[in-house]
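Visitor: Quick one: the structure is below, questions incoming.
Residue numbers (the numbering used here): 3 to 332.
Listed below in structure tokens is the structure:
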């Protein structure tokens, strides 16, 4: 059997293993069996990031019907309108799509490796099927474990909030760290070198954030956005980020800043003037420095671990007078 035939066999087995069976329903049948109107099921489907196929195309399995039913059975979801439901579906879909894109090559390579290591006396098709089932089971278990741990931590942080899935307000320290001269660097680095640089940046910043009581909101290229429950935790994170990246050879200097105050937490992201202030401060920070806003400086004023130097006000986009403060260890 050729490599192309094996790849096709792997893809067919993966499709059936992930969907739990063959595709045998149209969109109309999904709506009919799930009890969700066809228009709403179509909108939720596209919000999840899947193409809007023709209504009479047989492209759905039993797992799709179950998923729609389960989603709509949640009391908070059922009480919201289709716009809010679509927003929730879109957030889930975007997160899962990014994870799946990264996993695709890994899954195919793992299945082929397990199939090749199987008993040569067993037909290739059976080895591929067994390798597919074992690989999917391993990945499913790992993803479920990681998700459960993250959810447990997120629930603990949000236990006093009144969030209903659409958004809630919280008082947090929100910060950014970005690499200086990253655009210039990308013009001269080989893709392998760029991958190594990004890995070093993401691993060191993630460790600095989580080790000091915070959590990563998102990574966007050369920038990481983080949050913490107190200004003191935000300060420890900012200092740890600057200090840890200095220990990694070849990593560019960083600009780091954070602000403290009330933010809107919506679908895993943060919004509001505190976020905007933190972003603007990051943009005006000098390489190797940490800037904080008035609220963070006030919260840290009597803290023995930190030293704060008040700087001259600056004018940035959206803020006529923004007063930064330089943060250092005491």
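Positions of the beta carbon are idealized from the N, C-alpha and C atoms, including for glycine.
Spell out a yes or no on whether the stretch 297-317 and the stretch 219-230 are touching, meaning 3 or more CB-CB pairs, one atom from each, closer than 8 Å.
Guide: With the cut-off at 8 Å, the stretch 297-317 and the stretch 219-230 do not touch.
Visitor: Can at least three beta-carbon pairs, one atom from the stretch 57-65 and one from the stretch 94-103, be found at a separation below 8 Å?
Guide: Taking 8 Å as the limit for Cβ pairs, the verdict is that the stretch 94-103 does not touch the stretch 57-65.
Visitor: Contact defined as beta carbons within less than 8 Å: I believe residue 179 pairs with residue 198. What is the distance between those atoms, to the nearest angstrom?
Guide: Not confirmed; about 18 Å, so no contact.
Visitor: Going straight from the alpha carbon of residue 321 to that of residue 275, what length do you get?
Guide: Whole-angstrom Cα-Cα distance: 10 Å.
Visitor: Can you list, in chain order, the residues of its chain whose CB lies under 8 Å from that of residue 105, leaving out five sequence neighbours each side?
Guide: Counting only Cβ-Cβ distances below 8 Å, and skipping sequence neighbours, we find 141.
Visitor: With 16 as the cutoff for other CB atoms within 10 Å, does residue 267 come out buried or exposed?
Guide: Under this definition residue 267 is a buried residue.
Visitor: Where are the alpha helix (DSSP H) runs, 4 residues long or more, that stay fully inside the stretch 213-292, in chain order?
Guide: Runs found: 233-248, 275-286.
Visitor: List the DSSP bridge partners of residue 309.
Guide: DSSP output for residue 309 lists 330 as bridge partner(s).
Visitor: Kindly identify the DSSP beta-bridge partner or partners of residue 318.
Guide: Per DSSP, 321.
Visitor: With distances taken Cα to Cα, identify the nearest neighbour of residue 159 among 49, 56, 217, 103.
Guide: Minimum Cα distance to residue 159 is reached at 217.
Visitor: Note down, in chain order, each residue of its chain lying with its Cβ closer than 7 Å to the Cβ of residue 233, except the 5 sequence neighbours on either side.
Guide: Answer for residue 233: 175, 262, 298, 301, 302, listed in chain order.
Visitor: Just the C-alpha distance for residue 110 and residue 12, rounded to the nearest angstrom, thanks.
Guide: Each residue's Cα considered, the two are about 7 Å apart.
Visitor: How big is the Cα-Cα spacing for residue 89 and residue 49?
Guide: Distance between the alpha carbons of residue 89 and residue 49: 7 Å.
Visitor: How is the alpha helix (DSSP H) around residue 183 delimited, first residue to last?
Guide: From DSSP, residue 183 is part of no alpha helix (DSSP H); its letter is neither H nor E.
Visitor: Are residue 46 and residue 78 close, meaning C-beta to C-beta below 8 Å?
Guide: No, they are not a contact pair.
Visitor: Taking contact to mean 3 or more Cβ pairs, one atom from each stretch, closer than 8 Å, check whether the stretch 52-60 and the stretch 19-28 are in contact.
Guide: The answer is yes - the stretch 19-28 touches the stretch 52-60, with three or more Cβ pairs under 8 Å.
Visitor: Restricting to Cα atoms, I'd like to know which of 187, 241, 177 is closest to residue 279.
Guide: Considering only alpha carbons, the answer is 177.
Visitor: Ignore the nearest five residues each way along the sequence and tell me which others in residue 166's own chain have a CB closer than 7 Å to its CB.
Guide: Caution applies to residue 166, whose pLDDT of 48 falls short of 50 and renders its modelled position unreliable; the value that the coordinates give is listed next. Correct list, in chain order: 78.
Visitor: So residue 98 is in the alpha helix (DSSP H); what residue range does that whole segment cover?
Guide: That run of the alpha helix (DSSP H) goes 84-118.
Visitor: Count the other CB atoms, across all protein chains shown, that sit within 10 Å of the CB of residue 73; report buried if there are 16 or more and exposed otherwise.
Guide: Classification of residue 73: buried, given that the 10 Å Cβ count is 16 or more.
Visitor: Within this structure, are the beta carbons of residue 2 and residue 8 separated by less than 8 Å?
Guide: Residue numbering for the chain in the displayed model covers 3 to 332; residue 2 lies beyond these limits and cannot be assessed.
Visitor: Could you have a look at residue 75 and say whether DSSP puts it in helix, strand or coil?
Guide: Residue 75: helix per DSSP, three-state reduction.
Visitor: For residue 157, name the three-state secondary structure that DSSP assigns.
Guide: Note: residue 157 maps to helix in three-state DSSP.
Visitor: Taking all protein chains shown into account, decide if residue 324 is buried (16 or more other Cβ within 10 angstroms of its Cβ) or exposed.
Guide: With 16 or more other Cβ atoms within 10 Å, it is buried.
Visitor: Would you kindly work out how many angstroms separate the C-alpha atoms of residue 164 and residue 241, rounded to a whole number?
Guide: The predicted position of residue 164 is uncertain, since its pLDDT is 49 and thus under 50; no value can be drawn from it.
Visitor: For residue 319, which residues in the same chain have their Cβ closer than 8 Å to its Cβ, ignoring the five residues on either side in sequence?
Guide: Only 282 meet the Cβ criterion.
Visitor: Quick check: the Cα distance between residue 307 and residue 285, rounded to an integer number of angstroms?
Guide: Answer to the nearest angstrom: the Cα atoms are 25 Å apart.
Visitor: Using only the alpha-carbon positions, how far apart do residue 195 and residue 260 sit?
Guide: If you take the alpha carbons of residue 195 and residue 260, they lie about 29 Å apart.
Visitor: On the three-state DSSP scale, how would you describe residue 36?
Guide: Residue 36 falls in the helix class under three-state DSSP.
Visitor: By alpha-carbon positions, which one of 126, 93, 86 ends up nearest to residue 6?
Guide: Of 126, 93, 86, the residue nearest in Cα terms is 126.
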